[in-house]
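**Q** Quick note, the sequence shown lines up with residues 2 to 155 if you use my numbering.
Here a beta-carbon is modelled for each residue, glycine too, at the ideal position from N, C-alpha and C.
Being a predicted model, the structure only gives us computed values, none of them experimental.
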Amino acid sequence: MGDITQWKGDAIVNAANQRMLGGGGVDGAIHRAAGQALRRACEAVPPVDGKSIRCPTGEARITGGFLLPAKHVIHTVGPIYKTKAESRPLLKAAYDNSLALALEHGLSSIAFPAISCGVFGYPLLDAAVVAVDACQRVASSSPNSIQAIEFVLF
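#1: Kindly indicate which three-state DSSP category S88 falls into: helix, strand or coil?
#2: Here's the rule: buried if 16 or more other CB atoms are within 10 angstroms of the residue's CB, otherwise exposed. What is H106?
#3: So is T84 buried or exposed if we call it buried at 16+ other beta carbons inside 10 Å?
#4: To which residues does DSSP link E60 through a beta bridge?
#5: According to DSSP, is H106 part of a helix, a strand, or is it coil?
#6: What are the residues that DSSP puts in a beta bridge with I116?
#7: Excluding the 5 residues preceding and the 5 following S117 in the sequence, name in chain order all residues of the same chain whose CB lies nearer than 8 Å to its CB.
#8: Give me the residue from F155, F113, C56 and D97 with the minimum Cα distance to V139.
#9: Any idea if V49 is buried or exposed, counting beta-carbon neighbours within 10 angstroms, 16 or more meaning buried?
#10: Per DSSP, what kind of secondary structure is I54 in: helix, strand or coil?
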């Protein structure tokens, strides 16, 4: 348990929406704590649909951390839970793509919230299995890269 906006390290992961402009839950808390510079950085991410979707479900984007103790924010969009068969691959992609961005940017520490477990309705135990599996895959395939992976649950 804790407050991810107070976590100090290389990156925190934001359970964002596709527009990346803040919202409720952890997304809103991160945007409030990071300040207006985070919103401006998110607005600068080009929409992939030519309109307002900056980060499709399962993908991830990185910005600075601005007023946060974390140096970066990795924004990812988890699925709205429908069925395990439909939602699990998208949640897996959200974790995998967040970790891939951390590796790409040479980050050694990262903290995750419980992606999709709030208003998106993903069952906690099923989501925990997906999260831990993704982190274990990275730890075993790249043992000298990310040194600390933490889960900070609101």
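**A** For this structure:
#1: Numbered from its first residue, the sequence shown carries residue 88 at position 87. S88: helix per DSSP, three-state reduction.
#2: Locating residue 106 in the sequence shown gives position 105, counting from the first residue. It counts as exposed.
#3: Taking the sequence shown and counting its residues from 1, one reaches residue 84 at position 83. The residue in question, T84, is exposed, as its Cβ has fewer than 16 Cβ neighbours within 10 Å.
#4: Indexing the sequence shown from 1 puts residue 60 at position 59. Bridge partners of E60: none, in fact.
#5: The residue labelled residue 106 in the question sits at position 105 within the sequence shown. The answer is coil: DSSP assigns H106 none of H, G, I, E or B.
#6: Mapped onto the sequence shown, residue 116 falls at position 115. Partner(s): none; I116 has no beta bridge.
#7: For this step, residue 117 is matched to residue 116 along the sequence shown. The residues are A16, G79, P80, I81, Y82, S88, L92, A95, Y123 and A128.
#8: Position 138 of the sequence shown, counting from 1, holds the residue named residue 139. Nearest C-alpha to V139: D97.
#9: Position 48 of the sequence shown holds residue 49. Flag for V49 reads exposed.
#10: Looking up residue 54 in the sequence shown gives position 53. I54 falls in the coil class under three-state DSSP.
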